[in-house]
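See below for the structure under consideration.
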Amino acid sequence: MPTLPAEFSDLEPFAGWAIPTERARYAKRIDSTMDELSAFYDAAFPRMEEACAYLEQFEIDGLPDDAKHLLWLYCAIVTVSFPVEVWRQPRVPDSGSSTFDATLEPAV
Amino acid sequence: MPHFPKPPEGSWTEHYPELGTGPVSYDDSTSPEVYELEREAIFRRTWLNVGRVEQLPKVGSYFTKELDAAGTSIVIVRSSDDEVRAFHNICRHRGNKLVWQDFPLEETSGTCRQFTCKYHGWRYGLDGQCTFVQQESEFFGIDKADFSLASVQADVWAGWIFVNLDPENTTSLHEYLGELGKGIEAYPFDRLTQVHKYRAEVKSNWKLFIDAFTEFYHAPVLHARQSVSEEAQKLQQYGYEALAYGIDGPHGMVSSWGGQSPPKDLKMVKPIDRVLRSGLFGPWDAPDIGLDEMPPGLNPARHEAWGLDSFLFFPNFMMLVWKPNWVLTYHYWPTSYNTHIFEGACYFAPPKNARERIAQELAVVTFKEYALQDGNTLEATQSMLESQTPVKSFPLNDQEILLRHLHHQARGYVRDYQQQSGKTPATV
Numbered sequence: 002m003p004t005l006p007a008e009f010s011d012l013e014p015f016a017g018w019a020i021p022t023e024r025a026r027y028a029k030r031i032d033s034t035m036d037e038l039s040a041f042y043d044a045a046f047p048r049m050e051e052a053c054a055y056l057e058q059f060e061i062d063g064l065p066d067d068a069k070h071l072l073w074l075y076c077a078i079v080t081v082s083f084p085v086e087v088w089r090q091p092r093v094p095d096s097g098s099s100t101f102d103a104t105l106e107p108a109v
Numbered sequence: 020m021p022h023f024p025k026p027p028e029g030s031w032t033e034h035y036p037e038l039g040t041g042p043v044s045y046d047d048s049t050s051p052e053v054y055e056l057e058r059e060a061i062f063r064r065t066w067l068n069v070g071r072v073e074q075l076p077k078v079g080s081y082f083t084k085e086l087d088a089a090g091t092s093i094v095i096v097r098s099s100d101d102e103v104r105a106f107h108n109i110c111r112h113r114g115n116k117l118v119w120q121d122f123p124l125e126e127t128s129g130t131c132r133q134f135t136c137k138y139h140g141w142r143y144g145l146d147g148q149c150t151f152v153q154q155e156s157e158f159f160g161i162d163k164a165d166f167s168l169a170s171v172q173a174d175v176w177a178g179w180i181f182v183n184l185d186p187e188n189t190t191s192l193h194e195y196l197g198e199l200g201k202g203i204e205a206y207p208f209d210r211l212t213q214v215h216k217y218r219a220e221v222k223s224n225w226k227l228f229i230d231a232f233t234e235f236y237h238a239p240v241l242h243a244r245q246s247v248s249e250e251a252q253k254l255q256q257y258g259y260e261a262l263a264y265g266i267d268g269p270h271g272m273v274s275s276w277g278g279q280s281p282p283k284d285l286k287m288v289k290p291i292d293r294v295l296r297s298g299l300f301g302p303w304d305a306p307d308i309g310l311d312e313m314p315p316g317l318n319p320a321r322h323e324a325w326g327l328d329s330f331l332f333f334p335n336f337m338m339l340v341w342k343p344n345w346v347l348t349y350h351y352w353p354t355s356y357n358t359h360i361f362e363g364a365c366y367f368a369p370p371k372n373a374r375e376r377i378a379q380e381l382a383v384v385t386f387k388e389y390a391l392q393d394g395n396t397l398e399a400t401q402s403m404l405e406s407q408t409p410v411k412s413f414p415l416n417d418q419e420i421l422l423r424h425l426h427h428q429a430r431g432y433v434r435d436y437q438q439q440s441g442k443t444p445a446t447v
C-alpha cells in the first residue's frame, strides 16, 4: 500500500516518519540513532523544495491522504534537521531532564 | 560605546533610579516563605492572563484553568449574554470540583448549556446561578438564589482574557496594563488563529525563568550552536544590545533587532532555514494580517533593524511580537517556590498552503529546541542558588534591567501586602 505520492515513491522506505503530531515525531527522533536520522535526512532533505512545490498545488484543508503523509514526513524533516544540521546527537545538548511537550497542535 | 542610543543618564537602568545598580540577591527565589507571600500578594491580587477569546467561540464554550499559585481552579465561560465570565470551579453543595474530565487535576474545555456537578447533579446556568438542586425538598429551607457559583472578576483586553482573584480589586484591567498595554492593543491578534501550545514542568522558581526570557544577553552564548559557526562567533564577539527598554508600573518591555527574518546573508542560517525561509524569528515572508499601521507601542525606537518586541505583563504573562507578523506567548505558573509550569504558545496567521504550514513548523520546533536548553539551564541555576555556597549576591548589567525590575516589583508587592495586612515585613 503506497503511502506517499508516486512522485516521491523513492522515499517509501522512510514512510514511517509520516507521523501526524510533533510530539510523536520528536519521540521517534529521540528513539533513533544518528545513523538512522542521517539516512532519512540525506534521502529526503534534498527533495524538500520539490515536495513543497508539490504540496502547494492543494488547498491545505483538501490534501489527499498521500499528500498529507508527505506533509507529515517533511514536518519530520524539520524535527530531524536539528540533530543532523546542528546538534550531532538526537537530543538537544544540555537539555538533560527537561521536557517540553505539545499540548495543542493544529490538525492537518 | 553602545551600538544603539541609551537614555541621557547613560544607561537604561539609571533611567529608572528606583531600580538601583547594585548587585541583587535571589533570596526571593529560594524561600518557601517568600513564595507563600507572593501567592497572596501577587497571584491572588493582580490580573492574570488565562487565555484568549478564540477559546470561547460561542455561548456555552468554556475552559478550566488550574491556578495553583492562587490556590484555586476556575472555569471561564461565554455566558448567554455573550460576556466572558469566570467562576471558582467548585460546586456549592459539597465542594466537588464542578468541571473536569477523566482527571480531576487536569484542565479541560468544551461547550455546554449548563454546568452539572458529577457528584449529586446540582446544576448551574452559564451566568453561575444555581438552577437545579437534586431532591430540593430534602434540604432545610434552602433558596437556590443563595447558591450561585462563586464568581471571579474577568475582563478582556485585545482578545486576551484575564482574571483577578481579589474580590476587592478596583483596578480595571485596562488601567492595570497601563501604557505598554495601550501601545499594542490595536494589534490584530484576532487574525493569528493558528495556534501551537507547549507545556513543561520546570524545576525553578517562576521568576528565574522569566529572567531567562527577559534578557537576550544569554542568547549568543547559550544558543551559540543554533547558528552556523562563523555567525555564532560573530554574535558572541558582538554580544547583545537591545534597541530600547520600556518600563511602566509593574510591566516591562524590550525592543530588539532581528537579523534573521530574512537574514542579510543566507550563510548566516541553517540549510533547512534557507529552504523553508523560516527559523527562530519566524517565517520570513510575513502574511497579510491587516496591519496597515504599526501600533505605537511596537518598535518604540523606530529602528529599521527592528525584529521583535518582548513584553512582560506582570506577573507572569510574556508576549513576543515578531516583525513577520506572528506572536509568541509565555506563561509561568508557580507550583511551589522552586517549581513551575511553563507554557509557550505560537500564534500564526492560518497557513494558506502546506509550504507555509511547514515553515511555521520550523519556527515552532526552533522555539522548542531553545526552550529545552533554557529549561534545563534553569534547573542548574535554581539548585545552586539553593545550595550552601557563600555566593549570595549577583551583579546585573544594563541588558538585564528587566530582571532587576521584575524582582524589584515582586518584592514591592509582597512588602505592600504585608503593610496592608499588618504583618511584619519580611526581609526580602
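Quick mapping for you: the protein sequence lines, in order, are chains A and B. Numbering-wise, the first sequence is residues 2 to 109 according to this note's numbering. Numbering-wise, the second sequence is residues 20 to 447 according to this note's numbering. We treat Cβ as the ideally placed atom computed from N, Cα and C, and that holds for glycine.
| Query | Result |
| --- | --- |
| Uninterrupted alpha helix (DSSP H) stretches inside the region 39 to 108 of chain B (no shorter than 4 residues) | 51 to 57 |
| Beta-carbon proximity check, Arg376 of chain B vs Ile61 of chain A, cutoff 8 angstroms | yes |
| Backbone secondary structure at Gln148 of chain B - three-state DSSP | coil |
| Residue of B:Thr91, B:Leu56, B:Thr130 minimising C-alpha distance to Pro76 of chain B | B:Thr130 |
| The region 174 to 191 of chain B / the region 154 to 161 of chain B touching (three or more Cβ pairs under 8 angstroms) | no |
| 8 angstroms Cβ cut-off: residues of chain A touching Lys289 of chain B | Ser82, Glu86, Val87 |
| Burial state of Met403 of chain B (16 or more Cβ within 10 Å) | exposed |
| Own chain, CB closer than 6 angstroms to Trp225 of chain B, minus 5 neighbours either side, in chain order | Tyr351, Pro353, His359 |
| Beta bridge counterpart(s) of Lys216 of chain B as assigned by DSSP | A:Leu105, B:Ala364 |
| Spatial neighbours of Trp305 of chain B in its chain, beta-carbon cut-off 6 angstroms, leaving aside the 5 residues before and after | Reading off the sequence shown, one finds Ala at residue 305 of chain B, where the question assumed Trp. Excluding residues within five positions, the ones whose Cβ falls inside 6 angstroms are Pro343, Asn344. |
| For Ala231 of chain B, the nearest candidate out of B:His424, B:Thr396, B:Asp47, B:Ser355 (CA to CA) | B:Thr396 |
| Contact set between Ile114 of chain A and chain B, taken where Cβ atoms lie within less than 9 angstroms | What the structure shows of chain A is the stretch from 2 to 109, and residue 114 of chain A is not part of that stretch, so it cannot be assessed. |
| Nearest residue (CA-CA) to Ser99 of chain A, options B:Asp328, B:Ile420, B:Val433, B:Lys387 | B:Lys387 |
| Reduced DSSP secondary structure (H/G/I, E/B, other) of Phe122 of chain B | strand |
| Whether Asp56 of chain A touches Arg374 of chain B by CB criterion (8 angstroms) | According to the sequence as given, residue 56 of chain A is Leu; it is not Asp. Taking 8 angstroms as the Cβ cut-off, Leu56 of chain A and Arg374 of chain B qualify as a contacting pair. |
| Bridge partner(s) assigned by DSSP for Gln437 of chain B | Paired residues: none, contrary to the question. |
| Pro26 of chain B to Glu33 of chain B span [Cα, whole Å] | 9 angstroms |
| Alpha carbon of Gln133 of chain B to alpha carbon of Glu59 of chain B, nearest angstrom | 32 angstroms |
| Under the three-state DSSP convention, the category Ala177 of chain B falls into | coil |
| Pro65 of chain A to Met49 of chain A span [Cα, whole Å] | 18 angstroms |
| Beta-carbon spacing of Gly90 of chain B, Phe82 of chain B below 8 angstroms | no |
| For Arg423 of chain B and Leu56 of chain B, believed in contact at Cβ under 8 angstroms, the rounded distance | So it is not a contact: roughly 20 angstroms between Cβ atoms. |
| Local Cβ density within 10 Å of Asp36 of chain A, reported as buried at 16 or more and exposed below that | exposed |
| Cβ-heavy atom distance, Gly200 of chain B to the ligand MG, below 7 angstroms | Of ligands this structure carries none, so the ligand MG is not represented either. |
| Neighbourhood of Ala324 of chain B by C-beta, 6 angstroms cutoff - its chain only, sequence neighbours within 5 removed | Trp276 |
| Range covered by the beta strand (DSSP E) that runs through Pro353 of chain B | 345 to 355 |
| Proximity to Gln172 of chain B [Cα-Cα], best of B:Gly431, B:Phe166, B:Leu184 | B:Leu184 |
| Sub-8 angstroms separation of Val214 of chain B and Ala390 of chain B beta-carbons | no |
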